[in-house]
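Everything on this sheet refers to the single structure shown next.
Chains as they are written, first to last, in this note's numbering: chain A, 1 to 297; chain B, 298 to 594.
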């Protein structure tokens with residue numbers, strides 16, 4: 001990873017942290033326990049991959065970084081809510097997240113439930129409260145886009161499909177279907193919302209960018225599956241080896257390690273090819289893609 | 298209840314049912330189990346009190362009924378999501394809702410969790426996807442309004458406050474604080490969003506309407522507490538006597554039955570007084586208020 005990219009990523013991460021720190025209700029704001037749990041679940045951790053994608057796409061589109069920060073925070077809040085609910089006993093029943101006890105372990109199940117609920121709500125509040133696009137109509141489109149990506153035909157739908165397929169053999173197309181929804185939809189939203197903070201890109205360019213985001217979303221998941229097999233709990237900051245333990249179908253269980261690695265590389269090539277048509281403006285997107293593929297946690 | 302009001306309420310309920318029936322993803326849309334659970338939790342039941350308030354406020358403001366239907370559906374979906382999550386074992390652990398098994402009993406806990414999550418998301422999708430106000434800026438304000446009403450400083454916050462106060466003695470102001478958030482915020486949003494589908498009411502009138510909605514929201518809760526004490530499970534369609542059983546503070550436990558009845562009447566008087574300043578246009582709001590106070594379930 002180049003020092004230039006490292007500096008840029010660190011500054012984006014600091015920007016999103018500062019925004020979320022200020023925007024999440026304070027710990028002394030009633031109900032204190034809920035607000036403490038919301039802050040616990042969002043602040044001070046995570047790679048912020050989705051925000052990095054929003055910032056990089058925003059740069060490509062020449063968007064105002066203040067607008068992109070709000071959009072990136074909204075996407076990250078949807079991601080954070082999904083993790084809090086995913087970790088609950090009735091879902092993955094996980095006790096470790098980002099190297100800390102999960103929300104329901106640190107607080108309690110009811111608080112974790114309301115925490116996830118409230119983080120989702122806050123995401124939409126942030127997308128509606130300030131002007132984030134050149135015209136208010138496109139901001140409404142943004143909100144509809146995020147809702148579609150997060151809901152029952154997007155992320156939550158992918159999770160439901162995942163639940164239904166535990167212990168079942170999935171074909172590669174079924175596995176792909178699941179991940180396009182479960183993680184892919186929100187990653188695509190991160191890219192598209194970042195770009196749509198400006199109106200510079202035309203529909204054809206936005207279409208290309210969406211194809212790029214689809215490749216990156218799948219690549220992200222393939223790498224996630226590889227890391228779950230190869231990395232340790234300490235490195236990941238979450239329980240490693242859960243998928244195999246839970247008999248969950250993954251790219252590794254279906255393709256094997258070496259073919260899964262090849263697939264990740266192929267998806268990176270496809271993504272890079274799209275970015276080449278954007279020229280130099282796509283530098284950050286290229287770097288974030290590389291970071292996603294080569295990450296070790 | 299007059300036949301005229303009964304007809305109007307029935308037609309509003311049919312309108313909201315038709316909208317939700319068409320707008321919720323079909324049962325054969327993947328993931329089928331999640332979509333089945335969403336429809337199960339929303340369709341074919343409930344008094345639709347919040348939609349009735351939206352329609353009545355929309356009539357006062359002379360708003361387009363098609364717009365009001367979307368807004369009313371969004372508010373009802375937030376309400377439905379909160380019921381599904383409230384009924385979960387880690388919250389109220391209830392098995393009966395609207396005369397049927399609760400979502401997690403009929404399906405399973407994980408599905409109920411994702412159902413609530415997805416119903417919330419759908420509410421925001423509906424508020425963003427079509428033009429619902431005279432200008433798009435006011436539609437963004439509507440979305441922010443609903444998010445504020447539903448989130449950690451609104452409905453979800455009231456639920457968290459409720460959790461924190463089980464088994465504790467609450468003062469009347471604390472109980473009021475809890476209900477202003479837990480049920481009041483969404484009832485106010487139902488009224489205000491209905492009215493804001495048109496731009497006819499000025500800020501002073503909207504302020505009055507908000508005061509009306511605050512009175513109705515509290516009255517709704519006082520009556521709810523009375524019904525929980527006095528009615529049977531069969532009439533309510535949900536488990537009666539739960540509050541006393543769970544040692545939850547209620548208007549009845551703090552004030553006693555007869556003072557609680559007086560409070561409900563006083564709140565109705567306050568609400569009616571506000572409506573008088575609107576003249577004949579407020580007929581439906583007056584009738585819905587009366588329906589809320591006098592309901593038996």
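Beta carbons: idealized from backbone N, C-alpha and C, even for Gly.
| request: Give the C-beta separation of residue 77 (chain A) and residue 119 (chain A) to the nearest angstrom, bearing in mind that I take them to be a contact with Cβ-Cβ under 8 Å. | output: For the purposes of this step, residue 77 (chain A) is identified with residue 77 of the first chain, where counting begins at 1. For the purposes of this step, residue 119 (chain A) is identified with residue 119 of the first chain, where counting begins at 1. Between residue 119 (chain A) and residue 77 (chain A) the Cβ distance is about 5 Å, and since that is below 8 Å, they are a contact.
| query | Listing by chain order, which chain B residues have their CB less than 7 Å from the CB of residue 90 (chain A)? | reply | For this step, residue 90 (chain A) is matched to residue 90 along the first chain. By Cβ distance, chain B contributes 406, 407 and 410.
| task | Run the CB neighbour count on residue 500 (chain B), radius 10 Å, all protein chains shown included, and call it buried at 16 or more, exposed below. | result | By 1-based counting over the second chain, the position of residue 500 (chain B) is 203. Flag for residue 500 (chain B) reads exposed.
| request: Output yes if chain A places a C-beta closer than 7 Å to the C-beta of residue 426 (chain B); else output no. | output: Counting from one through the second chain, the residue named residue 426 (chain B) turns up at place 129. Residue contact check for residue 426 (chain B) against chain A: a CB pair falls below 7 Å.
| Cβ-based neighbour list, residue 80 (chain A), same chain, cut-off 7 Å, excluding 5 preceding and 5 following | The residue labelled residue 80 (chain A) in the question sits at position 80 within the first chain. Answer for residue 80 (chain A): 41, 42 and 119, listed in chain order.
| task | Identify which residue in A:15, A:128 and A:268 has its Cα closest to the Cα of residue 441 (chain B). | result | As a first step, residue 441 (chain B) is located in the second chain; it is residue number 144 there, counting from the start. For the residues A:15, A:128 and A:268, the minimum Cα distance to residue 441 (chain B) belongs to A:128.
| Among B:554, B:414 and B:584, which has the Cα closest to the Cα of residue 525 (chain B)? | Locating residue 525 (chain B) in the second chain gives position 228, counting from the first residue. It is B:554 whose Cα lies nearest to the Cα of residue 525 (chain B).
| field | Between the CA atoms of residue 103 (chain A) and residue 309 (chain B) - distance to the nearest angstrom | value | Taking the first residue of the second chain as 1, we reach residue 309 (chain B) at position 12. Taking the first residue of the first chain as 1, we reach residue 103 (chain A) at position 103. Residue 309 (chain B) and residue 103 (chain A) have their C-alpha atoms roughly 41 Å apart.
| query | How would you list, in chain order, the residues of chain B whose beta-carbon sits under 7 Å from the beta-carbon of residue 159 (chain A)? | reply | One-based indexing of the first chain puts residue 159 (chain A) at position 159. Simply 411.
| task | Could you name the residues of chain A that residue 496 (chain B) contacts, counting a contact when the two beta carbons are closer than 7 Å? | result | Locating residue 496 (chain B) in the second chain gives position 199, counting from the first residue. Here the premise fails: no neighbours, minimum Cβ distance about 15 Å.
| said: If I measure Cβ to Cβ from residue 492 (chain B) and keep anything under 6 Å in the same chain, skipping five residues before and after, which residues do I get? | reply: Mapped onto the second chain, residue 492 (chain B) falls at position 195. Its chain contains 354, 358, 498 and 506 as the residues whose beta carbon lies nearer than 6 Å to that of residue 492 (chain B), once the 5 sequence neighbours on both sides are disregarded; these appear in chain order.
| request: Taking the CB atoms as reference points, tell me whether residue 345 (chain B) and residue 321 (chain B) lie closer together than 7 Å. | output: Walking along the second chain from the start, residue 345 (chain B) turns up at place 48. Walking along the second chain from the start, residue 321 (chain B) turns up at place 24. Not in contact: residue 345 (chain B) and residue 321 (chain B) (Cβ atoms no closer than 7 Å).
| Nearest neighbour of residue 294 (chain A), chosen from A:239, A:246, A:216 and A:251 [CA to CA] | For this step, residue 294 (chain A) is matched to residue 294 along the first chain. Of the candidates A:239, A:246, A:216 and A:251, the one whose C-alpha sits nearest the C-alpha of residue 294 (chain A) is A:216.
| field | DSSP three-state assignment for residue 214 (chain A), whether helix, strand or coil | value | Here residue 214 (chain A) refers to the residue found at position 214 of the first chain. Helix at residue 214 (chain A).
| DSSP-derived helix/strand/coil call for residue 470 (chain B) | Here residue 470 (chain B) is taken as the residue at index 173 of the second chain, counted from 1. It is helical.
| Rounded to the nearest angstrom, how far is the Cβ of residue 502 (chain B) from that of residue 479 (chain B), given a contact under 8 Å? | Reading the second chain from its first residue, position 205 is the one you call residue 502 (chain B). Reading the second chain from its first residue, position 182 is the one you call residue 479 (chain B). About 27 Å; that fails the 8 Å criterion.
| task | Can you grab the Cα-Cα spacing for the pair residue 582 (chain B) / residue 572 (chain B), in whole Å? | result | Within the second chain, numbered from 1, the residue matching residue 582 (chain B) stands at position 285. Within the second chain, numbered from 1, the residue matching residue 572 (chain B) stands at position 275. Their backbone Cα atoms lie some 8 Å apart in a straight line.
| Residue from B:481, B:450 and B:476 whose Cα sits closest to the Cα of residue 26 (chain A) | As a working note, residue 26 (chain A) is residue 26 in the first chain. For the set B:481, B:450 and B:476, the Cα lying nearest the Cα of residue 26 (chain A) is the one of B:450.
| As assigned by DSSP and simplified to three states, the class of residue 15 (chain A) | Locating residue 15 (chain A) in the first chain gives position 15, counting from the first residue. Helix.
| Does residue 93 (chain A) come within less than 7 Å of chain B when only Cβ atoms are used? | Start at 1 with the first residue of the first chain, and residue 93 (chain A) comes out as number 93. Answer no: the Cβ-Cβ gap between residue 93 (chain A) and chain B never drops below 7 Å.
| Between residue 31 (chain A) and residue 458 (chain B), what straight-line distance do the alpha-carbon atoms span, to the nearest angstrom? | Within the first chain, residue 31 (chain A) is the residue found at index 31, counting from 1. Within the second chain, residue 458 (chain B) is the residue found at index 161, counting from 1. Looking at the backbone, the Cα of residue 31 (chain A) and that of residue 458 (chain B) are separated by about 6 Å.
| query | Thinking C-beta only, is residue 116 (chain A) closer than 7 Å to residue 166 (chain A)? | reply | Indexing the first chain from 1 puts residue 166 (chain A) at position 166. Indexing the first chain from 1 puts residue 116 (chain A) at position 116. The Cβ atoms of residue 166 (chain A) and residue 116 (chain A) do not sit closer than 7 Å to each other.
| query | Fully enclosed by the region 339-390 of chain B, which alpha helix (DSSP H) runs are 4 residues long or longer? | reply | Fully enclosed alpha helix (DSSP H) runs of no fewer than 4 residues occupy 346-358 and 362-383 of the region 339-390 of chain B, in order along the chain.
| query | Taking the Cβ atom as the reference point for each residue, do residue 487 (chain B) and residue 351 (chain B) lie within a distance shorter than 7 Å? | reply | Your numbering for residue 487 (chain B) matches position 190 in the second chain. Your numbering for residue 351 (chain B) matches position 54 in the second chain. Less than 7 Å separates the beta-carbon of residue 487 (chain B) from that of residue 351 (chain B).
| query | Mind pulling the chain B residues with CB within less than 7 Å of residue 144 (chain A)? | reply | Counted from its first residue, the first chain places residue 144 (chain A) at position 144. The contacting residues are 422, 425 and 426.
| said: Helix, strand or coil for residue 23 (chain A)? Go by DSSP, reduced to three states. | reply: Looking up residue 23 (chain A) in the first chain gives position 23. Residue state, collapsed to three classes: helix.
| Going by beta carbon distance, what residues of the same chain come within less than 6 Å of residue 211 (chain A), once the five residues before and after it are set aside? | As a working mapping, residue 211 (chain A) is identified with position 211 in the first chain. Same-chain partners within the cutoff: 274.
| Cβ of residue 600 (chain B) within 7 Å of Cβ of residue 568 (chain B)? | The structure shown does not extend to residue 600 (chain B), since chain B spans only 298 to 594, so no value can be given for it.
| task | Using the Cα positions of residue 220 (chain A) and residue 371 (chain B), report the straight-line distance between them to the nearest angstrom. | result | Residue mapping note: residue 220 (chain A) aligns to position 220 of the first chain, counting from 1. Residue mapping note: residue 371 (chain B) aligns to position 74 of the second chain, counting from 1. C-alpha separation (whole angstroms): 33 Å.
| message | Which residues in chain A have a C-beta closer than 8 Å to the C-beta of residue 332 (chain B)? List them in chain order. | response | Sequence index remark: in the second chain, residue 332 (chain B) carries index 35 (1-based). Chain A residues near residue 332 (chain B): 152.
| field | Where the alpha helix (DSSP H) through residue 549 (chain B) begins and ends | value | For this step, residue 549 (chain B) is matched to residue 252 along the second chain. Per DSSP, residue 549 (chain B) belongs to the alpha helix (DSSP H) from 548-552.
| Which residues DSSP lists as bridging residue 100 (chain A), in chain order | As a first step, residue 100 (chain A) is located in the first chain; it is residue number 100 there, counting from the start. DSSP links residue 100 (chain A) through a beta bridge to A:97.
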